[in-house]
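Using numbering that gives the first Met the number 0, read the sequence shown as starting at 0 and increasing by one per residue.
Okay, structure first, notes after.
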Amino acid sequence: MCFLEIEIAKMISETLQNPGRKFITCKFYNRDSPSMPGCGFVMWVDEDTTEWQRNIINELLIENGRLKSEVRQTRKEIEEIAKQVDGEKLNELREQLVEMKKENKRIKIILA
Numbered sequence: 000m001c002f003l004e005i006e007i008a009k010m011i012s013e014t015l016q017n018p019g020r021k022f023i024t025c026k027f028y029n030r031d032s033p034s035m036p037g038c039g040f041v042m043w044v045d046e047d048t049t050e051w052q053r054n055i056i057n058e059l060l061i062e063n064g065r066l067k068s069e070v071r072q073t074r075k076e077i078e079e080i081a082k083q084v085d086g087e088k089l090n091e092l093r094e095q096l097v098e099m100k101k102e103n104k105r106i107k108i109i110l111a
């Protein structure tokens, strides 16, 4: 329980100083809002990392972010290609329809 005597929240730090470290805090803690620190209760639940570990973790987090961005861009490119392929397929189907209509007219003429 925190200082407000309510259940605590389990979180993982996303700061450069403590990347990936697990901690418990007030349920009302909001890392994105300095005006919402909850009651101020924070306790680390794992061992502190060395500077070398922090550097490696931060480099991996940066690389992970870069890769996620690359995946998003690749997905957009795939969607654009899919739209083009769909457009090409649609044109192909239209051409087939025109040919079928011509053939249908020929058959009608022969049967008439």
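Where a beta carbon is used, it is the ideal one built from N, C-alpha and C, also for glycine.
Taking its Cβ as the centre, do 16 or more other Cβ atoms sit within 10 Å of residue i, making it buried, or is it exposed?
| i | result |
| --- | --- |
| F2 | exposed |
So, with DSSP's three-state summary, where would you put residue i?
| i | result |
| --- | --- |
| K107 | helix |
| V70 | helix |
| I120 | Outside the shown range of the chain (0 to 111) lies residue 120, about which nothing can therefore be said. |
| K21 | strand |
Suppose contacts are defined by Cβ-Cβ distances below 8 Å. Is residue i in contact with residue j by that definition?
| i | j | result |
| --- | --- | --- |
| L15 | N63 | no |
| K26 | I5 | yes |
* Any chance the stretch 34 to 54 sits against the stretch 5 to 25, with 3 or more Cβ pairs inside 8 Å? -> yes
* Can we say the stretch 50 to 64 touches the stretch 11 to 20, given the rule of at least three CB pairs closer than 8 Å? -> yes
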